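S.K.: Quick note, the working numbering runs 1390 ahead of the 1-based positions in the sequence shown. Idealized CB from N, CA, C, for every residue including glycine. Quick caveat, the model's predicted, so the values are computed rather than measured.
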Amino acid sequence: MRIFFLFVTLYFVSFSSAYARQEISYPDIQINAQHISSAIQVDGVLDEAIWEEAGFTSQFYNKWPADTGYAVNQSKAWIVYDDEYLYVAAINYQSKKNILVKSLKRDKPEYHWDSEAFSVVLDPFNQQVSGFLFGVNAAGAQLDGQIGMKNSRTRPDFNWDNVWFSAVKTHEDHWIAEFAIPFKSLNYNSEQQEWGINFVRNDMKRNEYSTWNRVPLGFPGIDMGHLGTLKLEKQPPANSKRTVIQPYVLGSGTNNYATEETADYEIKIGGNAKIPVGSSLKADLTINPDFSTVDVDQQITNLTRFSISLPEKRTFFLENSDLFSDFGTWGIRPFFSRKIGLNNGNAVPILFGARVTGNLTPTLRTGIMNVHTRASGDLAANNYTIASFQQKLVGRTNIKALLTNRSAFDEFNAQSDNYNRTLGAELNYTSPSGEFTGNLRYHWAQTEEKLSDASFAGATMIYNNGTLVLGFTGDRLGTNYISDVGFSPRLFHHDASRDSLKRVGYYFANPWFSYSIRPESDWINNHRFNVWTNAAWETDGNNIERISQFRYSLNTFNKGSFEIALRQSKIRLLFPTDLIGGNSFLPAKSYNFARVELSYDSDRRGVVNWEVNGSYGGFYNGSRIEVGGNINIRQQPWGNFGINYIGNKVDLPGEYGNAILHLVGPQAEISFSNNLNWTTFLQFNTQNDRFNLNSRIQWRFAAMSDLYIVFNDNYDTNRFSPQNRGVVFKLNYWFN
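#1: Could you check where the alpha helix (DSSP H) with Y1871 kicks off and where it finishes?
#2: Can you tell me the Cα-Cα spacing of L1607 and E1656, whole angstroms?
#3: If T1863 sits next to T1719, beta carbons under 8 Å apart, how far is it from one beta carbon to the other, in whole angstroms?
#4: From N2126 to N1854, what distance separates their C-alpha atoms?
#5: What are the boundary residues of the beta strand (DSSP E) that includes D2137?
#6: Less than 8 Å between the C-beta atoms of N1915 and F1877, yes or no?
#7: Note the first and the last residue of the continuous alpha helix (DSSP H) segment covering E1500.
#8: Let me know if V1998 comes out buried or exposed under the rule of 16 or more other beta-carbons within 10 Å of its beta-carbon.
#9: Counting C-beta neighbours from all protein chains within 10 Å, is the total for R2014 16 or more, i.e. buried, or is it exposed?
#10: Look at N1678 and A1567 and say whether their C-beta atoms are less than 8 Å apart.
#11: Which of the three DSSP states, helix, strand or coil, is assigned to R1411?
#12: Take N1549 as the anchor and find which of N1577, F1573 and D1497 has the nearest alpha-carbon.
#13: Whether or not the stretch 1487 to 1501 and the stretch 1635 to 1643 are in contact is what I'm after, with contact meaning three or more pairs of Cβ atoms, one per stretch, closer than 8 Å; do they touch?
#14: What distance in whole Å lies between the Cβ atoms of S1904 and N1920, which are believed to be in contact at a cut-off of 8 Å?
#15: Please state the DSSP three-state secondary structure of Y2123.
#16: So is D1843 buried or exposed if we call it buried at 16+ other beta carbons inside 10 Å?
#17: Quick check on DSSP: helix, strand or coil for W1441?
#18: Buried or exposed, going by whether 16 or more other CB atoms sit within 10 Å of the CB of F2110?
#19: When burial is assigned at 16 or more other CB atoms within 10 Å of the CB, is G1731 buried or exposed?
#20: Out of curiosity, what's the CA-to-CA distance linking T1837 and N1808?
#21: Looking at the structure shown, is T1812 part of a helix, part of a strand, or coil, going by DSSP?
#22: Take every Cβ of the stretch 1618 to 1628, pair it with every Cβ of the stretch 1546 to 1565, and state whether three or more of those distances are shorter than 8 Å.
#23: In terms of DSSP beta bridges, what is Q1536 paired with?
#24: Going by DSSP, what residues sit across from T1676 in a beta bridge?
#25: Can you list, in chain order, the residues of its chain with a C-beta nearer than 6 Å to that of E1598? Leave out the 5 residues immediately preceding and following it.
#26: Suppose contacts are defined by Cβ-Cβ distances below 8 Å. Is A1911 in contact with S1493 by that definition?
#27: Just grab the DSSP bridge partners of R2086 for me.
#28: Check whether the Cβ atoms of N1945 and G2047 sit closer than 8 Å, and answer yes or no.
#29: From P1514 to S1580, what does the alpha carbon distance come to, in whole angstroms?
#30: Considering only DSSP beta bridges, list what G2116 is partnered with.
#31: According to the Cβ coordinates, are A1529 and V1470 closer than 8 Å?
#32: Could you say which of V1511, V1519 and V1686 lies nearest to V1784 if we only look at CA atoms?
#33: If you pair each beta-carbon of the stretch 1703 to 1715 with each one of the stretch 1771 to 1780, do three or more pairs fall below 8 Å?
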């Protein structure tokens, strides 16, 4: 408790002293967008007269690795619009021989931000809580995404996909990017003439980022709280959204060798639709959706006591997803969309889904979603309803609420004794400077048993000035806070002796501290010191765990890094536990152990880049060694080839057993153009005795219209015998 009070004291001392600092003043900047009567040809050649007449941006500020002064390699940006499109043009000064591009593949943020690229951030409602990003690298690969808020911090979602057009041209001392963004691809208020806007430039030769409106180091370059102003000459066109229909047809063949069933062939049809509802709301409908062509989940080795979460990749659940998913904390999530239509990683057929999201007013965002799944095996059919709203109060402060409901169905009738509901509200605070953020939350759950102790409450406070970060999260989770569409792994403990899950409510505290030193150096960007503690105890006061870590990081200007960490764990197993499949279960008692971790990450700009990491130390009543790393080879701009590896050696005394676990993941990406790519991913995992191969060809033959060919092959690693094999052909088309 003394550590807790010391941390809180430091937090509020820093809070007070921060307001006493004299802030550096930067001017509010604005760019005017002229309305034009004729369309612009998007070809990367700025030969239209309007580009000579329109006003362009002022100089770009440095963003990273320093946030003072102006960028050495400057950019100029223009923006104009007609009744259908918002046009953006940019000249980026850079020697042709110095241009670095990672890939031709679209919608790969890790490649986009490590390539020579130009992006625009738009906030049509100018409320600093949601927006859009459109970007292109110097080889023409597009990136688009929605921007929302997660725990009062800007978070992009690059799974969002929509129609827009771009072109690039490379010259000896500069390259040009040109965009045409349809108004119908945006949510906006046609009566509003001032939008939030920023431009972001990646200069990979110098390994620098710059922005038109200055963004301090402690914030991402796309931060919604640091936008300039886009002034439209006259009101934008009345929201011209039209209904979009995207049907698909799929043919597949599957051979299940494990069950010795005959080959199964299937023809499947379904589709999605987007329907405008007023000027700022949109309805999304899906019938018989298919997700067989989404990126395969990347497996991990799990040696913890709890379940793990994997990211959502299914298109229907992604757009405006922050309205539903931005509740709770990283360890307690009232809504987690992968709980719908998936059961232990296996697909549960979805009959239909409907969602309405957008702005009811300029300051009120709302979303409602309904999904109905078919019965599958022992699982009944279920209907899910999720509803939320987010009301802006003052500045970037908002209040929001979430309602979830799951009801089991017998044919067309809901079962009165099989349901789950949750209701919650949260208050998010962000200071005008963005350095202080806070969250207060309370959620409640109910099942047909109507149990007591079914609430979840907590608070988070964060101070971040780019050099010093202080944070604290505290939660109380009741034993019976059960959210069938949520994710709360620490609530459930596996009793290996009875092979059953037990719910245990708990208190949780997570203070953390980070401090960065930026020396005068041509090589070292910063030294970073980080300390955190996770502590959990039962609601009756008995300790469950306390894990503390100190980490030192040395980060270089070429984005390389070296890290060393020391971790101390004190964990009380509440029940006999099996972590590695030993002959005997670990006894339910307290364990103290420590470990040291090392890692090194090379310059990601290199043709060959690599990472290596390792750790050694105790593991409950034994020891554990982990080694891992990856190596990637880039053939600019068409190919990326890599392999990941994680190995674990666990030794427990006597009958508790030992294990050697390997996880190997080679991957190859070949881009024949910006619209045709081939990705192959292999995963060899001895923890679950599986070897998987997933190979996918994607051809975007028209705007938002794709042909997929996907091949899957799965083996049992014990005998290396085939388990199942399948191929999928899928065609979808975007009618607008």
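M.R.: Taking the geometry as given:
#1: Where Y1871 is concerned, there is no enclosing alpha helix (DSSP H), given that its DSSP letter is neither H nor E.
#2: 53 Å
#3: 6 Å
#4: 44 Å
#5: Examination of residue 2137 is not possible in this model, given that the chain is present from 1391 through 2126 alone.
#6: no
#7: P1499 to H1502
#8: exposed
#9: buried
#10: no
#11: Unreliable positioning characterises R1411 in this predicted model, as indicated by a pLDDT of 37, which lies under 50. A coordinate reading is not provided.
#12: D1497
#13: no
#14: 5 Å
#15: coil
#16: exposed
#17: helix
#18: exposed
#19: buried
#20: 8 Å
#21: strand
#22: no
#23: F1522 and D1547
#24: N1662 and G1743
#25: none
#26: Position check: residue 1911 holds Ser in this sequence, whereas Ala was assumed. It is not a contact, given that the beta carbons lie outside the stated cut-off.
#27: T2069 and V2100
#28: no
#29: 9 Å
#30: T1644 and N2102
#31: no
#32: V1519
#33: yes
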